[in-house]
Every structure is written in structure tokens, then in C-alpha cells.
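J.: Respectively, the protein sequence lines represent chains A, B and C. For the first sequence, the working numbering begins at 6 and goes up steadily by one. For the second sequence, the working numbering begins at 762 and goes up steadily by one. For the third sequence, the working numbering begins at -8 and goes up steadily by one.
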Amino acid sequence: MIFVVSLLTLLMLSAAIAALIFKDLMSAVIASCMVSLIAAILFYFLQAPDVAMAEASIGAALVTAVFIIAIRRTKRYEE
Amino acid sequence: MDVFGVAITGVGIIFLFLGNFGVLRLPDVYNRIQAGTKCTTLGAFLTIVGVGIMEPAWLWKALLIALFVLVTNPISSHAIARASRKSGVSLCDRSVVDKTKDFEEFREKT
Amino acid sequence: MSQTIAVVFLAIMAIGIFLCLLRMLRGPTAPDRAVAVDTMTTTVVALLVLLGFVFKRYVYLDVALVYSLLAFVGLVAIARFLERGI
């Protein structure tokens, strides 16, 4: 069980670093969606299913939609 | 009954792992969509139903989750495939048939 | 007995999620990364149900239902943006 938790933590950290260094902002939004999805699994491992539900709803759906609306108003690629 | 559920769950896990491996290895967006939808849908369905067989009191809710995965997964994959086709991602150089391009040429001709 | 085998299955699924993350890091275009997140989502729903079986809690199955619904909504939003053009 500890192997699964440590592997998922490493995956979340590498996805967060990828969201920092991508030049395409749409790819950065997809990477941050992946970060919050893996964070929901880690809350589930800590036996807090209500926090996992809130994290999945806010991080995967709401923040992604808000960022997509913001990218549509501005430009997509970062110089 | 326990051995039966473990066997069904193991077959589902094998399908899930093959789907994830295909997403890493295949050369093109559309091939990756095919590997990541068909294998993964069957694998998730078999895994959830196997858990429902191992715990017989959970069977109806497990079947509800499996039905939900079975409905929503092809819809999202179809949306991503249509979006990548519209945004101009090209096929890989080893593919032999492109029905969408043939249809567009046919529509321009007539 | 079946609990131990379920923990081994959880490890195999975590390695599968690692393969999806490699595709998300390497993918040349944005739809590749969206496909990787889609595949990861379906794997994770199966992982949550199996983890509820390991913890022996009936209430934990609700999280899998909400998770699949919200990941579907997020992926459809990403696909609509990619379809409209830049």
C-alpha cells in the first residue's frame, strides 16, 4: 500500500512541474487538471471521501472551465 | 464465488494495463484514442463487476457505476477525436485510408 | 486472501497511471495530453472501486460515481475549446 501512495505522490509532483514549464497554456491547463485528479485519489487514501469529492468537483470541472474561458479571451501561446 | 470474482477482476486489470501501455506506445492520436477507449472501457467494466461479485451486497451500485462508465467514456473519446480532426492534427505516415478527406473532396466536386 | 490480491492489483494500476503520465509529458500536441487524461480517468475509477473493497466501506463507492461524472464534464469542456479553433 505504501508503494502505491509514494508512486502517486511522485506522479502528482511531476505533473505540477510539467504544468509550470509548458509553453502551450492549453497543455498547462490539462496538466493542472491531472494534478487535482491525483490529489483527489490521495485524499481518498487518507480516508476523507468528502474532501476527495470536493477536490474532484472544484479542481477537475470548475477550475478547468474558468481557465478555458480566460484563455479564450486572451491568447493561447506564451512567448 | 470469491475465486470467480478475483478471476474476473484479474482479467479486467490485464485489459486496463494493456490500454495504458497502448497509450504510451502507439504512433498517432487516433490510434491512441482507440487503445485508450476500447481496452479501458472493457477493463473498467470487468473490474467493477468483479468487485460486485466479491461483495454481493454491493452489486447494484457497482452495476450502476459500470453502466455510467460504459455510457460516458465513448462520448468523451468521440468529442476529443472530433476536436483533434477539426484542429488539424495530421495522421501518421504509415496510415493507408482517410475517409474524411475523401468525403471532403467528394463534397467539393458535387 | 482476496485483500492481498487486491493490493497487488492496486500496484499494477498505479504503474498503468505512470505510463499515462509519461504520455502526458511527451505528447507533441494538446489532444495527445487530453487522451492521456481520459485514459487515466477510467483507470482511476476502477482503482477507487477496488480501494473501497480494500477498506471495506460501502459509502466510498459514491466517490467513484462523482469522479467519473466530473472528469467527463472537464474533458468535454477541453474538447469544445479545441474544436472551436484558437
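Heads up, the beta-carbon is just placed ideally off N, CA and C, and yes, glycines get one too.
Does Tyr49(C) have its Cβ less than 8 Å from a Cβ in chain B?
T.: At least one chain B Cβ lies under 8 Å of Tyr49(C).
J.: Once the 5 residues before and after Ala44(A) are set aside, which same chain residues still bring their CB inside 8 Å of it?
T.: Answer for Ala44(A): Met17, Glu60, Gly64, listed in chain order.
J.: Cα separation between Arg48(C) and Met58(A)?
T.: Going by the C-alpha atoms only, they are around 16 Å apart.
J.: For Pro54(A), count neighbouring Cβ atoms within 10 angstroms of its own Cβ and tell me buried if that reaches 16, exposed if not.
T.: Buried is the call here.
J.: Helix, strand or coil: how does DSSP classify Tyr49(C) here?
T.: Looking at Tyr49(C) - three-state DSSP - the assignment turns out to be coil, as it is neither helix nor strand.
J.: Counting only the same chain and skipping the five closest in sequence on each side, list residues whose C-beta sits under 7 Å from that of Val40(C).
T.: These residues qualify, in order along the chain: Leu52, Ala55.
J.: Look at the alpha carbon of Leu60(C) and the alpha carbon of Ala66(A), and state the distance between them as a whole number of angstroms.
T.: Using only the alpha carbons, I get a separation of about 10 Å.
J.: Can you name, in chain order, every residue of its own chain whose Cβ lies under 8 Å from the Cβ of Arg81(A), other than the five neighbours on each side?
T.: The answer, listed in chain order, is Asp29, Leu30, Met31.
J.: Residues of the segment -2 to 22 of chain C with a CB closer than 7 Å to any CB of chain A: list them in chain order, please.
T.: Cβ contacts with chain A: Val(-2), Leu1, Ala2, Ala5, Ile8, Phe9, Leu12, Met15, Leu16, Ala21.
J.: Give the secondary structure of Asp859(B) by DSSP, where H, G and I count as helix, E and B as strand, and everything else as coil.
T.: Looking at Asp859(B) - three-state DSSP - the assignment turns out to be coil, as it is neither helix nor strand.
J.: From Cys853(B), Leu807(B), Lys847(B), Glu865(B), pick the residue whose C-alpha is nearest to that of Leu787(B); which is it?
T.: Of the candidates Cys853(B), Leu807(B), Lys847(B), Glu865(B), the one whose C-alpha sits nearest the C-alpha of Leu787(B) is Cys853(B).
J.: Just tell me which of Leu785(B), Gly771(B), Thr808(B) has its CA closest to the CA of Gly797(B).
T.: Minimum Cα distance to Gly797(B) is reached at Leu785(B).
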